[in-house]
């Protein structure tokens, strides 16, 4: 009985290790795109990835044939969606570093990044993204189109304009 | 540029510069995941314990108080001396 159990646990550990080795790179890339960090320096993305994979590890036995990658991705996305505005906002409670967005999606808002990564990088269907984020499908399509347009046709000099407006207001 | 072309362009933009996966990822994940599992087990045990204690307390109270027995009448004086 005990031997069978240890054998089962060993098999489970092997399966999970293979899963992490297979899915880690792609999920980390997605997380780095979400947090808009540099590929070489991405503590927030690593933290997101570790949490998502740990959650997958905790419910590994109760997947019942569901795709663990899907589960990890969903957890990553919802965690990012919930953490995006209250944890890393410019509060004194927010942990760590000031946000300096770099990377290909730096120009977008967190929600646009989330929708774009799920829709185009991960290839999740409109309806599934809408269900996951609790938004109407039309809204997902709109956000996706707008984000695509912003990426491909960057508006000229948005940052200096904002600075000037702030300076003028104060 | 139509929609598929735009989407392909954005995909290409996103596919560039893949980050390097840290080597300690698996150990870290197993450590955290194990902690979550242990916490869940502990919470489940505590809840079962609470349920058991509540059932026990209720049983003891029921046996002592016997709430199903009709209480002695308070309004009619006892019939004595006839």
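Protein chains in written order, with this note's numbering: chain A, 1 to 170; chain B, 171 to 252. Glycine included, C-beta positions come from ideal geometry on N, C-alpha and C. Bear in mind that the values here come from a model prediction, so they are computed numbers and not experimental data.
Within chain B, the residues placing a beta-carbon under 7 Å from that of residue 24 of chain A are 191, 195, ordered along the chain.
Residue burial annotation: residue 115 of chain A is buried, with at least 16 other C-beta atoms found within 10 angstroms of its C-beta.
At a Cβ-Cβ threshold of 7 Å, residue 202 of chain B and residue 54 of chain A count as neighbours. The beta carbon of residue 233 of chain B sits closer than 7 Å to none of the beta carbons in its chain outside the five residues before and after it. Within chain B, the residues 171, 176, 179, 180, 183 have their CB atoms less than 9 Å from the CB of residue 152 of chain A, given in chain order.
Taken through DSSP and simplified to helix, strand or coil, residue 41 of chain A comes out as strand. Comparing alpha-carbon positions, the option among A/6, A/136, A/73 lying closest to residue 118 of chain A turns out to be A/73. Burial check for residue 225 of chain B: the Cβ neighbour count within 10 Å stays below 16, so the residue is exposed. Around residue 121 of chain A, the beta-carbon contacts reaching into chain B at under 9 Å are 180, 181, 184, 185. Chain B has a Cβ within less than 7 Å of the Cβ of residue 28 of chain A. The residue among A/130, A/52, A/25, A/110 with its C-alpha nearest the C-alpha of residue 147 of chain A is A/110.
Here residue 51 of chain A is actually not in contact with residue 80 of chain A; their C-beta atoms are around 10 Å apart, not less than 8 Å. Listed by position along chain B, the residues whose Cβ is nearer than 9 Å to that of residue 42 of chain A are 189. Rounded to whole angstroms, the separation of the alpha carbons of residue 211 of chain B and residue 248 of chain B is 59 Å.
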